[in-house]
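Asker: Here it is, the structure, as structure tokens.
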Amino acid sequence: MVVNTSRGAVIDTLALAEALQADKLWGAGIDVFEGEPVDPDHPLMKAPHTVLSPHVAYWSEESGIELRTRAMQAAIDVVTGVRPKDCLNPEAL
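Position in the sequence shown (first residue = 1) + 3 = the working numbering.
Here it is in structure tokens:
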């Protein structure tokens, strides 16, 4: 099984579709694609044993609340002089 929720270019989707068609893989779950929206004629759209989503697999009521909460906490951290938890380049602050 192949699952990709990171970046579309990580997976060669044409090769993935071929492997699925040839029953070389049990299945695939893909949330990101090289180009979005996905061409309806892309071979992966007709491949067996696939779950495809339009780059929104993370979304739920809970994830929306967490997203807003973390963004607000990061803003509060910046204005109060605290390094935000997920800041990778603190020199930019």
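For every residue, glycine included, the Cβ atom is placed at its ideal position computed from N, Cα and C.
If Gly32 and Val6 are in contact, beta carbons under 8 Å, what's the gap, nearest whole angstrom?
Answerer: The residue you call residue 32 lines up with position 29 of the sequence shown. The residue you call residue 6 lines up with position 3 of the sequence shown. Right, the Cβ-Cβ distance comes to about 4 Å (below 8 Å), so this counts as a contact.
Asker: I need the boundaries of the beta strand (DSSP E) containing Ile33, first residue and last residue.
Answerer: Along the sequence shown, one-based indexing puts residue 33 at 30. Ala31 to Ile33 is the span of the beta strand (DSSP E), which, as asked, contains Ile33.
Asker: For Asp80 and Ala95, what's the separation of their Cα atoms in angstroms?
Answerer: As a first step, residue 80 is located in the sequence shown; it is residue number 77 there, counting from the start. As a first step, residue 95 is located in the sequence shown; it is residue number 92 there, counting from the start. Distance between the alpha carbons of Asp80 and Ala95 is about 14 Å.
Asker: Closer than 8 Å by C-beta to Gln24: which residues in its own chain qualify, once you throw out the five before and the five after it? Chain order, please.
Answerer: The residue given as residue 24 occupies position 21 in the sequence shown. Pro46, Ala50 and Pro51, listed in sequence order.
Asker: With a floor of 4 residues, list each alpha helix (DSSP H) that falls wholly inside the stretch 32-84, ordered by position along the chain.
Answerer: Complete alpha helix (DSSP H) runs here, min 4: 64-82.
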